[in-house]
Every structure is written in C-alpha cells, then in structure tokens.
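**Q** So for the sequence shown, my numbering puts the first residue at 1; every next one is plus one.
Even glycine gets a Cβ: it sits at the ideal position worked out from N, Cα and C.
Only a predicted model underlies this, so the values are computations on that prediction, with no experimental measurement involved.
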Amino acid sequence: ANAPFVQGIVGINSVKLPVVGPEGEEVLPGRAESGICGAGIWLCGLDFVRKVAEIRRRERYNFVLVGVGGVMTPEDIQAHLAQGADAVQSCTGAMWDPYLAQAWHDRGAGSRMSHPCE
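1) Can you name the start and end residues of the beta strand (DSSP E) that residue 33 belongs to?
2) Tell me which residue opens and which closes the alpha helix (DSSP H) that residue 18 is part of.
3) Please list, in chain order, all residues of the same chain as residue 46 whose beta carbon is under 7 Å from its beta carbon, the five residues on each side excluded.
4) Taking the alpha carbon of residue 31 as the reference point, which residue from 20, 38, 63, 37 has its own alpha carbon closest?
5) I need the boundaries of the alpha helix (DSSP H) containing residue 49, first residue and last residue.
6) Among 94, 9, 97, which has the Cα closest to the Cα of residue 51?
7) Along the beta strand (DSSP E) that carries residue 120, what are the first and last residues, could you check?
8) Pick out whichever of 53, 56, 69, 16 has its Cα sitting closest to the Cα of residue 94.
9) So the beta strand (DSSP E) residue 65 belongs to, where does it begin and stop?
10) Check each candidate in 65, 57, 91, 87 and name the one with the smallest Cα separation from residue 72.
11) Could you please give the first and the last residue of the uninterrupted alpha helix (DSSP H) stretch that includes residue 100?
12) Check the C-beta distance from residue 53 over to residue 65 and give it rounded, since I have them as a contact under 8 Å.
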C-alpha cells in the first residue's frame, strides 16, 4: 500500500541485544539490552540487504536500497553491493577508518560508478 511513496530503504543501524560483562554482570546500569553495532552485526546487515533486494526484485519496486550494518572493510562494502545494495553507508567502520570509502575506491571497485556531478 505504501510502495508508491517509498523512495528508499536504509538498513540496518544496530541490533538490540543483551549486553553483559565477562561474568554475566550488567554493564549498562538499568539497561539489560542495548543497540550493538560494528563488526558484530555485519551478517545481520548483509542478510537484511539480501532480503530487501529480493523483495524489491520480486515485487518490481523502484526504490534505492542503502546497506548499513557492520561495514568495516572495503570487502564489506563490496559484499553489500553484491547482495543488491545501491549504496553503502558505514558508521562504525568510518569512525575507525575515515579513509574506508577511499580504500574501496582505490581497489578499483568504485570505477564502475559515475560521479553525480558529471
């Protein structure tokens, strides 16, 4: 019902899970669960992209799919694109390596894309 109004889907940002210390103790006082991000959710992010890309293809929807979730390396970027993402966003990976996108581009993977200003 909402498909005509959807221009894009971005996912995922984090996964809500219990957070405990080495002995099972609460590490976030008053919060048993928290959003987990970074490399620990990479497979969840990749699975999300694969599933949404398949729905988009099957239903012939026309929206942009941005893959997010555990993108830490140039290979992670390429994997999201290979699963059907139109673009990839990195949060934790870019925080630890501000040159992550440049590293992906330098490997030749970005040469297939045109610059939006050209």
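**A** Well, looking at it:
1) Counting from 1 along the sequence shown, the entry for residue 33 is found at position 33. 33-36 is the span of the beta strand (DSSP E), which, as asked, contains residue 33.
2) Residue 18 sits at position 18 when you count from the first residue of the sequence shown. Residue 18 -> not in any alpha helix (DSSP H); beta strand (DSSP E) instead, spanning 15-18.
3) As a position in the sequence shown, residue 46 is number 46, starting the count at 1. Excluding residues within five positions, the ones whose Cβ falls inside 7 Å are 79, 80, 83.
4) Along the sequence shown, one-based indexing puts residue 31 at 31. Nearest of 20, 38, 63, 37 to residue 31, Cα basis: 20.
5) Translated into the one-based positions of the sequence shown, residue 49 becomes position 49. Counting along the chain, the alpha helix (DSSP H) containing residue 49 begins and ends at 42-59.
6) Counting from one through the sequence shown, the residue named residue 51 turns up at place 51. Nearest of 94, 9, 97 to residue 51, Cα basis: 9.
7) The structure shown does not extend to residue 120, since the chain spans only 1 to 118, so no value can be given for it.
8) One-based indexing of the sequence shown puts residue 94 at position 94. Checked all of 53, 56, 69, 16; the closest Cα to residue 94 is 69.
9) Working through the sequence shown from its first residue, we reach residue 65 at position 65. Taken as a continuous stretch (DSSP letters only), the beta strand (DSSP E) holding residue 65 covers 64-67.
10) Start at 1 with the first residue of the sequence shown, and residue 72 comes out as number 72. When each option's Cα is compared against that of residue 72, the closest is 91.
11) By one-based count along the sequence shown, residue 100 stands at place 100. From DSSP, the alpha helix (DSSP H) with residue 100 extends over 100-106.
12) Numbered from 1 along the sequence shown, position 53 holds the residue referred to as residue 53. Numbered from 1 along the sequence shown, position 65 holds the residue referred to as residue 65. Yes, they are in contact, since the Cβ atoms of residue 53 and residue 65 sit about 6 Å apart, within 8 Å.
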